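Worksheet: the structure to be examined is printed underneath.
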Amino acid sequence: MKQAWTRGEKMLWATPLLFGVVAVAAKFGPDVVERTLGRPQRWNTAPDNDIRSMALSRNGEVLAVSGSLRSKSGRWKPGSGTIYFWNARTGARLSPFLPVYTRDKTGFTHGFDIYALKLSPDAKQIGFSRVHQNWALYNVATRKQLWSFPQFISDAEFSCDGRFIALSVDADVFIVGASDGRVRAHWKRRGSPNSQDLAWAPDGKIVADIGSYDENDPIELRQAADGKLVRRIQRKYASSVAFSPNGKRLVVAAALLEISSSQSLDSFAPVRCYEVATGALKWEVKATSLGGTDFQHAAFCDAVFSPDGRTIAVYQYNNRRVLLLDSTTGKTKKILNLGRAEPTPFFVPPALAFSPDGKRLFARGRSAVLVWDLE
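Heads up, the sequence shown is in our numbering, so the first residue is 7 and it goes up one at a time.
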C-alpha cells in the first residue's frame, strides 16, 4: 500500500519545478505580455546608446545595429561604435563587433561612430565606415577586413544578388564589386548634393538615387552598369526611397528637415508612390490626412515594401509610430506604436526592415531594436 507523501516531501519535489517556471516566466514573460498587447519586443543594446545604423541580411538570418555613446557633456564614451548582432529569427544575441579606436596626428580619436552599415544578402560580410575613416568590408565570422574603399562613405547598399555595392558620399556615387571593391561605375550628383538614400531595383540593373536636400532636384534612376541616366522622377521632397519586390513601383518618404518654411501643410504629401517605367505618380498621402496641424506629423525617416509587395511600412519618427499602408492605395491598414515612451529616434534611413516571410517587422529605436510579430 502506497504511503501518502508528507507536506515536506511535496515541497521538496515541487520547489525545483516552481523555480523552473519562475525562470521561464522571467525570461519570456515580458515579451509574451508585450505581444499580447500588440506592443513590440525590445532587443536592447547599451542603455545610453543612440542607434544610428541598422541592417538586416536579405536571407533574414542576422540583424546588426550600431550607434554612439555620449556622456551628458557630449563626450564619447567607451563602447561607442560597437556593432551589435542578433539571430534575427530567434532573437538570440550574437558576439558583438567591438570598435577599434585610433588617434590621428591632430589628436582626434576615430572609431566612435558608424556610418553606412550594411550586411551582405547571405550575412557573411559586413561593411561600414567609422567617422573620418574609409569604408571597409569584413568577414562576419572572422572579423577580418576583406578590402577597403579609399574614402569615407555615408551610405551603402548591396545589390539583391550581393555581387555589387552602391557607395555614396556627398556628390559622388560609386558602384563597386563586392568581391574586390573595384569601381565599375561612377556618377556625379546634381544640384546641392548631400548624401541621402540609395536603392537597388530587384533585378540589379537600376539604382534609385536621392542625393540632394534641394526640393527641386529629382530622384534619379541610373543604370548600375555604367551610371547612365534612365529617368528623373519629380521629387517634391524625399529622404528615403525603396523599390517594390517586382521593381515596378517606387515609394518615397520625406523627413522634417526636407520641408521648406514656404511649404503649405495642405499641399504637402510626405509619402508617395510612383510607376518606375513612366515616373507617373500612382498615389500620395497628404500630410493633413495623418492627423495633427503641423509638419511634425508629416515627418518620416524610412519607407519599405513588404516581401509580397502588398504593404508599405513608413516610419513616422516624431510621432514614434510605424504606419502600415496598402501599397495599391496608400491608405493606412494598421498603426504600430513604439510604446514605453520610446525617445524620438534618429531621423535618417535605414530604420525599417521586414523579415523575408513578411511576418516580422524590425524598427530602429533609440537604444533598442523594436520587433513586431505581424502574424
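We put the CB at the ideal spot given by N, CA and C, even for glycine. Here the structure is a predicted model, which means the values were calculated and not measured.
Scanning its chain for C-beta atoms nearer than 6 Å, with the 5 sequence neighbours on each side dropped, one finds around Ala207 the residues Phe249, Gly253, in chain order. Counting along the chain, Leu380 sits inside no beta strand (DSSP E), nor does DSSP assign it H or E at all.
DSSP places Tyr121 inside the beta strand (DSSP E), whose first and last residues are 120 to 125. Take the alpha-carbon of Ala369 and the one of Trp92: they are about 14 Å apart. Among the bridge pairs identified by DSSP, Ala207 is matched with none.
Residue pairing by DSSP leaves Ile159 without any beta bridge partner. In the structure shown, Leu271 adopts coil according to DSSP, grouped into three states. Under the DSSP definition of a beta bridge, Val213 partners with Trp206, Arg228. With respect to the 8 Å criterion, Arg255 and Glu281 are classified as neighbours on the basis of their beta carbons. Within a 10 Å sphere around the beta-carbon of Glu67 sit 16 or more other beta-carbons, which makes this residue buried. Here Glu290 really is in contact with Ala275; their C-beta atoms are around 4 Å apart, less than 8 Å. For Lys288, the enclosing beta strand (DSSP E) has its first and last residue at 287 to 291.
Beyond the five residues adjoining it in sequence on each side, Gln131 comes within less than 6 Å, by CB distance, of Leu143 in the same chain, given in chain order. As a beta-bridge residue in DSSP terms, Ser72 pairs with Ser59, Ile89. Rounded to whole angstroms, the gap between the alpha carbons of Phe103 and Ala147 is 10 Å. Residue pairing by DSSP places His192 opposite Phe180 in a beta bridge.
Secondary structure at Thr112: coil, using DSSP grouped into helix, strand and coil. Contact between the segment 159 to 176 and the segment 233 to 247 is absent: fewer than 3 CB-CB pairs across the two stretches fall below 8 Å.
Cβ contact annotation for Pro156 (same chain, cutoff 8 Å, sequence separation greater than five): Asn140, in chain order. Each residue's CA atom was taken as its position, placing Ile318 and Arg326 some 17 Å apart. Looking at Arg99, Ser135, Ala94, the one whose alpha-carbon comes closest to that of Asp128 is Ala94. Around the beta carbon of Lys111, fewer than 16 other beta carbons sit within 10 angstroms, so the residue counts as exposed.
Assigned with DSSP and collapsed to three states, Ala304 falls in helix. With distances taken between CA atoms, Ile120 lies nearest to Asn55 out of Pro313, Asn55, Pro46. A residue is called buried when at least 16 other Cβ atoms come within 10 angstroms of its Cβ; Ala283 does not meet this threshold and is exposed.
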